[in-house]
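Novice: Going line by line, the protein sequences match chains A and B. Once you know that position 3 of the first sequence is 3 in the working numbering, the rest is easy, because the numbers rise by one and skip nothing. Once you know that position 235 of the second sequence is 235 in the working numbering, the rest is easy, because the numbers rise by one and skip nothing. Think of the CB as a built atom: it goes at the ideal place given N, C-alpha and C, for glycine as much as any other residue. Quick one: the structure is below, and I'll ask about it shortly.
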Amino acid sequence: MGAGPKTGSTVFRHPAWLRLTHWVNAAAFLVLLVSGIAILLALPRLFWGETGANDAPAWIELPLPVNVEQTGWGRNLHFLAAWILVINGLAYLLLILASGHLRRSLVPDRDQLSAGHLAREVGDHLRLEKARGKEALRYNALQKFAYLGVVLILFPLMVLSGLTMSPGFTTAFPELFILFGGRQSARTIHFLAASLLVLFLLVHVLQVFIGGAGNLLRSMITGRFTIPSEKER
Amino acid sequence: MTDLSRRRLLTGSASLIGAGFLGGCDAPALSRLATPYDWSNGLTFAVQRWLLRRQPLVREFGPEAISAVFPTINTTDPDDPGYRTSKLVGFTDWKLPVTGLVERPGAFSLADLKAMPARTQITLHSCEQGWSAIAGWTGVPLAHLLAHVGLKPEARFIVMRSVDGWWDSYDLFDALHPQTILAYGMNGGDLPIAHGAPLRLRVERQLGYKSLKYLTRIEAVERVDGFGKGRGSMVAELGFPWYAGI
Chain A
1 MGAGPKTGST
11 VFRHPAWLRL
21 THWVNAAAFL
31 VLLVSGIAIL
41 LALPRLFWGE
51 TGANDAPAWI
61 ELPLPVNVEQ
71 TGWGRNLHFL
81 AAWILVINGL
91 AYLLLILASG
101 HLRRSLVPDR
111 DQLSAGHLAR
121 EVGDHLRLEK
131 ARGKEALRYN
141 ALQKFAYLGV
151 VLILFPLMVL
161 SGLTMSPGFT
171 TAFPELFILF
181 GGRQSARTIH
191 FLAASLLVLF
201 LLVHVLQVFI
211 GGAGNLLRSM
221 ITGRFTIPSE
231 KER
Chain B
1 MTDLSRRRLL
11 TGSASLIGAG
21 FLGGCDAPAL
31 SRLATPYDWS
41 NGLTFAVQRW
51 LLRRQPLVRE
61 FGPEAISAVF
71 PTINTTDPDD
81 PGYRTSKLVG
91 FTDWKLPVTG
101 LVERPGAFSL
111 ADLKAMPART
121 QITLHSCEQG
131 WSAIAGWTGV
141 PLAHLLAHVG
151 LKPEARFIVM
161 RSVDGWWDSY
171 DLFDALHPQT
181 ILAYGMNGGD
191 LPIAHGAPLR
201 LRVERQLGYK
211 SLKYLTRIEA
221 VERVDGFGKG
231 RGSMVAELGF
241 PWYAGI
């Protein structure tokens, strides 16, 4: 690393396109979550395979009130937000590839993958210890794994499982039924992947508070980040 | 002759791209872009029309896939007096008027329709409420009936009406698709009352609410903005998109 910025100094951390796509995605995801729950309430039961209905045996019956009156606005809002999320997400993927952000910032560095480093990170996380000094200028390895999982696995899974519920889209791409094992399986996977994204969101927001909400929020809004000083050990 | 050449024109693989897009701009999915929902639903319509430009068929299953449970929603036994008396005589007095922009308007009995070439398809029905079920449907392809009455060249949409007051419209891209059928049979038997007897529509590439039950009338028209509130379907007035491919 050499002589980088000094602790306590303020650096420019996140480029504008990253901040913009981050917040557009955050807004679209929250809208998709609310409208998705509205749609789910019409049939809060999950199934595997092609078929499933109220009187058919379910894999899971979710403890939610049944309400079939919310799908009109729910579906309109869901697909509006889905279009925004997909277009924004494609732009983001293109930009992290083109700018080198994926390779430089999201793929773990070699030193982060040693057993000793990973053990220290797990310990820091368990003690809710925030990153300091030059370590605060890169994502930690666990954070990178989480981001890569969300960006490359969970969001693509959400979009593809969602499209598998579309009778029009699956007529053009019936392979999706094979990929997910049927329309109701895709619906169940859509729910499970959404649940994991909600779990990610909760941990993500918790980590923002642990790392210093003011500083981290500012860095994702204006791009400016103050490097936390090293703690006396 | 006119009807046959028109049908050949519309079912030719290359010109269907034209039918999808030229018809598409008049379609209720694109004719009114007032709200953000109109834009996102219109985008879905345009993209799916492009993806389906070669008119692929939906999957068909074997009889072993037929669901034990096939829900029935909305109207399951119409209380229309005419329907009730017709039901008592096994719909033998029932007739389906086919009117509008056709060369030879007529009214067809169930026996007339059953004498036409039949298609049986076992398909997945997807409801906007989240459930899905597989059933076999037997009926006459709508494209055949429209060719029989001779669709006029200016006809762009087919308006369907149901005995319970429900109505919907379809552009020729969907109306002439080989799996768009007027079904009088289900799972090898007669179409049950709860599933829309004596005749229901099957539009397999869209959600279940486009597959109207209890058909009473078919009309070929050039524009649909004069019907109801001009949104192309009754459900569109309740907030559900006219195009239900997603």
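With respect to the beta strand (DSSP E) encompassing Q121 (chain B), which residues constitute its N-terminal and C-terminal limits?
Specialist: Run containing Q121 (chain B): R119 to S126, per the beta strand (DSSP E) assignment.
Novice: Whole angstroms are fine: how far does the CA of D124 (chain A) sit from the CA of T7 (chain A)?
Specialist: Going from the Cα of T7 (chain A) to the Cα of D124 (chain A) covers about 19 Å.
Novice: Excluding sequence positions up to five away, which residues of its chain have a Cβ less than 6 Å from the Cβ of Y92 (chain A)?
Specialist: Excluding sequence neighbours, Y92 (chain A) sits near T21.
Novice: Considering only C-alpha positions, which residue in the set B:K114, B:L101 and B:P105 is nearest to P153 (chain B)?
Specialist: Ranking the options by Cα distance to P153 (chain B), first place goes to B:L101.
Novice: Do we get a CB-CB distance below 8 Å when we pair D109 (chain A) with the residues of chain B?
Specialist: By this cut-off, D109 (chain A) is not an interface position.
Novice: Within the continuous beta strand (DSSP E) that includes E219 (chain B), where are the two ends?
Specialist: Per DSSP, E219 (chain B) belongs to the beta strand (DSSP E) from L215 to V221.
Novice: Going straight from the alpha carbon of I189 (chain A) to that of A111 (chain B), what length do you get?
Specialist: Between I189 (chain A) and A111 (chain B), the C-alpha separation is close to 46 Å.
Novice: Sort B:I218, B:E222, B:V203 and B:G196 by Cα distance to D79 (chain B) and report the nearest one.
Specialist: Checked all of B:I218, B:E222, B:V203 and B:G196; the closest Cα to D79 (chain B) is B:G196.
Novice: Excluding sequence positions up to five away, which residues of its chain have a Cβ less than 8 Å from the Cβ of L145 (chain B)?
Specialist: Closer than 8 Å at Cβ, skipping near neighbours: V98, F108, L113, M116, L182 and I218.
Novice: Among B:G230, B:V203, B:H148 and B:M234, which has the Cα closest to the Cα of R104 (chain B)?
Specialist: Selected option, being the one with the closest Cα: B:H148.
Novice: Quick check on T99 (chain B): does DSSP put it in helix, strand or coil?
Specialist: It is a strand residue.
Novice: Counting only C-beta atoms, is F91 (chain B) closer than 8 Å to chain A at any point?
Specialist: No, its Cβ sits nowhere closer than 8 Å to a Cβ of chain A.
Novice: Taking only beta-carbon positions, decide if Q70 (chain A) is within less than 8 Å of chain B.
Specialist: Answer no: the Cβ-Cβ gap between Q70 (chain A) and chain B never drops below 8 Å.
Novice: Between which two residues does the alpha helix (DSSP H) carrying D93 (chain B) extend?
Specialist: That residue, D93 (chain B), is in no alpha helix (DSSP H); it is neither H nor E in DSSP.
Novice: Quick check on this structure: which residue in A:L77, A:S105 and A:A119 has the alpha carbon closest to the alpha carbon of L18 (chain A)?
Specialist: When each option's Cα is compared against that of L18 (chain A), the closest is A:S105.
Novice: Determine the chain B residues that contact R75 (chain A) at a beta-carbon separation under 7 Å, and present them in chain order.
Specialist: Within 7 Å Cβ-Cβ: E128.
Novice: Assess contact between the stretch 132-141 of chain A and the stretch 167-178 of chain A, defined as three or more Cβ pairs (one per stretch) separated by less than 8 Å. Is contact present?
Specialist: The stretch 132-141 of chain A vs the stretch 167-178 of chain A: no contact.
Novice: Nearest to L77 (chain A) by CA position, among A:G36, A:V122 and A:F209, is which residue?
Specialist: The option with the nearest alpha carbon to L77 (chain A) is A:G36.
Novice: Within this structure, are the beta carbons of S126 (chain B) and L215 (chain B) separated by less than 8 Å?
Specialist: No. Outside cutoff.
Novice: May I ask you to list, following chain order, the residues of the stretch 140-174 of chain A that have a beta carbon less than 9 Å from some beta carbon of chain B?
Specialist: Within the stretch 140-174 of chain A, the qualifying residues are G162, L163, M165, S166, P167, G168, F169, T170, T171, A172, F173 and P174.
Novice: Output the distance between the C-alpha atoms of P228 (chain A) and L128 (chain A), rounded to the nearest integer angstrom.
Specialist: Cα to Cα, the separation comes out at about 15 Å.
Novice: Assuming G62 (chain B) contacts I122 (chain B) under a Cβ cut-off of 8 Å, what Cβ separation, rounded to an integer in Å, is found between them?
Specialist: Going by Cβ atoms, the distance from G62 (chain B) to I122 (chain B) rounds to 7 Å, so yes, they are a contact pair.
Novice: Does DSSP put D55 (chain A) in a helix, a strand or coil?
Specialist: Coil, per DSSP.
Novice: Identify which residue in B:A34, B:L96, B:Q48 and B:Q55 has its Cα closest to the Cα of R161 (chain B).
Specialist: Checked all of B:A34, B:L96, B:Q48 and B:Q55; the closest Cα to R161 (chain B) is B:L96.
Novice: Provide the residue span of the alpha helix (DSSP H) that contains V203 (chain A), from first to last.
Specialist: Its alpha helix (DSSP H) spans residues R183 to G211.
Novice: Check whether the Cβ of R138 (chain A) lies closer than 8 Å to any Cβ atom in chain B.
Specialist: Not one chain B Cβ lies under 8 Å of R138 (chain A).
Novice: In the DSSP output, what is H225 (chain A) paired with across the bridge?
Specialist: Correcting the residue type first, residue 225 (chain A) is Phe in the shown sequence and not His. Paired residue(s): A:V11.
Novice: Any Cβ of chain A within less than 8 Å of the Cβ of Q121 (chain B)?
Specialist: No, because no Cβ of chain A sits closer than 8 Å to the Cβ of Q121 (chain B).
Novice: At which residues does the alpha helix (DSSP H) containing G116 (chain A) begin and terminate?
Specialist: Element bounds for G116 (chain A): A115 to L126.
Novice: Any residues in the stretch 33-56 of chain A with a beta carbon nearer than 8 Å to a beta carbon of chain E? Which ones, in chain order?
Specialist: The chain inventory of the structure shown lacks chain E, comprising the protein chains A and B.
Novice: Flag this pair as touching only if the stretch 186-201 of chain B and the stretch 40-52 of chain B have three or more C-beta atom pairs under 8 Å; answer yes or no.
Specialist: Contact fails: fewer than three Cβ-Cβ distances are below 8 Å.
Novice: Please classify S161 (chain A): does DSSP put it in a helix, a strand, or coil?
Specialist: S161 (chain A): helix per DSSP, three-state reduction.
Novice: From the DSSP output, which residues share a beta bridge with G185 (chain B)?
Specialist: DSSP output for G185 (chain B) lists B:T138 and B:D190 as bridge partner(s).
Novice: Going by other Cβ atoms of all chains shown within 10 Å of its Cβ, with 16 needed for buried, is L217 (chain A) buried or exposed?
Specialist: Exposed, because fewer than 16 other Cβ atoms sit within 10 Å of the Cβ of L217 (chain A).
Novice: Which residue marks the beginning of the beta strand (DSSP E) containing D174 (chain B), and which one marks its end?
Specialist: It is not in any beta strand (DSSP E) - D174 (chain B) instead sits in the alpha helix (DSSP H) that spans L172 to A175.
Novice: Bridge partners of F108 (chain B), per DSSP?
Specialist: B:L96, per the DSSP bridge assignment.
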